[in-house]
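For the record, in the sequence shown the residue sitting at position 214 is 220 according to our numbering, with numbers rising by one throughout. Every residue gets a Cβ at the ideal spot worked out from N, C-alpha and C, and that includes glycine. One structure is given here, and the rest of the page talks about it.
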Amino acid sequence: MTVAAVVVTHDRLRQLRLTLRRLLAEEGLDRVLVVDNASRDETRAFLAGLDDARLSVLRLEENRGGAGGFEAGLREAARLCDPDWCLLLDDDARPLPGAIVAFRQAVAELDPDARGPGAVGALAAAVFTPSGEPCEMNRPSRNPFWHAGPFLRTILRGGRKGFHLPDAALDPAAAPAEIDVASFVGFFVSRAARQDAGLPDGGVFLYGDDVLYSLRLRRAGFRMRFLPQVRFEHDCATLGPGAAYRPLWKVYYHCRNGVGIARAAAGPMVFPAALLWYLVLWSRRARHYAPAERTVYRRLMWEGVRDGLLRRQGRNDRIHALADRLGQR
């Protein structure tokens, strides 16, 4: 069984150094592919100076965002070695010691080329902050629109706790759990799933590519399983105090791609109600920003909603300029 890691990086050399050190120290990891997403810092020189037979580098000449990086990385990994399992992770995420061995033990009886009823196409690790707390942005979930229990809990609790796995499920002694959605931090995808469901949608650019890809895998007939004994760390600073996105232009991608997630998760009949629920949540999030930033937040939110409804994709340079201009007022 071969396991290859795909790491996407952009201008975060300090984090990449830590991640590569951890990955290359892991027993049982056969290949590490770094996708350099047009970094402008010293990343290129650093990678050129490394000497490890397991390490490969794919340099992109334009920043395609995390989504474009994972799409290109999975394609390159298939070309290089066509691994049984591909591990996806950001440059600020890394396995805790022994994670790859734990993964190998957990999937020893699984066939990475299995298709049809019961075939497991993806597995997700438990993800924690450097301080040891569960990383909320990486908490796996069920799709509440597909399951009655999570749907009712979401309605009654009014939020993420209704469909995300509870803390008890993250205990290393807990049993593996069936899930529908996981993040690209400690996300293992099989060869068969890559072949049948395709690659992540690079047009998403940033945010939501992992959710959309998870739902696509599930619709292709593959099961997804959460493995609490496989543990990763995510040193993520994207969300500031009170769940505020930094820099502010990230609000646009969160909302634009969130429209696509609502469409994919709920289906065409329920999509309007799901979108309304998202709009309420996004509108309430403005309170986490300073008063001077709330107008900027709402402008970026509605720009994202409009472009999501129009199914627009890719990097939006106008939004980056708009966020900078409004933020300076």
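What residues match up with residue i in a beta bridge as DSSP calls it?
i	result
residue 62	39
residue 129	194 and 231
residue 92	10 and 195
residue 15	42
residue 140	134
residue 239	100 and 134
residue 170	147
Look at the alpha carbon of residue i and the alpha carbon of residue j, and state the distance between them as a whole number of angstroms.
i	j	result
residue 293	residue 25	34 Å
residue 69	residue 55	22 Å
residue 19	residue 27	12 Å
residue 290	residue 297	13 Å
residue 162	residue 254	31 Å
residue 125	residue 227	8 Å
residue 327	residue 46	19 Å
residue 92	residue 8	9 Å
residue 174	residue 21	29 Å
residue 206	residue 315	20 Å
residue 52	residue 63	11 Å
residue 85	residue 266	30 Å
residue 204	residue 95	18 Å
residue 109	residue 128	12 Å
residue 322	residue 177	40 Å
residue 179	residue 193	20 Å
Leaving out five residues before and five after residue i in sequence, what residues of the same chain have Cβ atoms less than 7 Å from its Cβ?
i	result
residue 144	133, 189, 191 and 240
residue 43	14, 15, 16, 66, 69, 70 and 75
residue 268	277, 280, 281 and 284
residue 295	250 and 303
residue 309	258 and 325
residue 307	257, 261 and 288
residue 247	Confidence at residue 247 is low in this model, with a pLDDT of 48, below 50, so its placement is unreliable and no value can be given for it.
Short of 6 Å in beta carbon distance, which residues of its chain neighbour residue i, apart from the five on each side in sequence? Order them along the chain.
i	result
residue 187	147, 217 and 220
residue 37	10, 60 and 87
residue 135	141
residue 305	none
Using the beta-carbon count (16 or more within 10 Å), is residue i buried or exposed?
i	result
residue 279	exposed
residue 167	exposed
residue 3	Shown here, the chain extends from 7 to 335; a query on residue 3 therefore has no answer.
residue 160	buried
residue 33	exposed
residue 286	exposed
residue 72	buried
residue 171	buried
residue 77	buried
residue 331	exposed
residue 301	exposed
Less than 8 Å between the CB atoms is what I'm expecting for residue i and residue j, so what's the real figure, rounded?
i	j	result
residue 196	residue 118	4 Å
residue 83	residue 35	About 13 Å separates the two Cβ atoms, so there is no contact after all.
residue 120	residue 236	With 8 Å as the limit, residue 120 and residue 236 do not qualify as a contact, their Cβ atoms being about 19 Å apart.
residue 209	residue 320	6 Å
residue 184	residue 229	7 Å
residue 211	residue 259	6 Å
residue 264	residue 214	6 Å
residue 311	residue 261	5 Å
Any Cβ of chain D within less than 8 Å of the Cβ of residue i?
i	result
residue 170	In the structure shown, chain D cannot be found, because there is only a single protein chain.
Can you give me the Cβ contacts of residue i inside the same chain, cut-off strictly under 8 Å, excluding the 5 residues immediately before and after it?
i	result
residue 4	Beyond the ends of the chain as shown, which are 7 and 335, falls residue 4; an answer cannot be given.
residue 30	38, 58, 60 and 61
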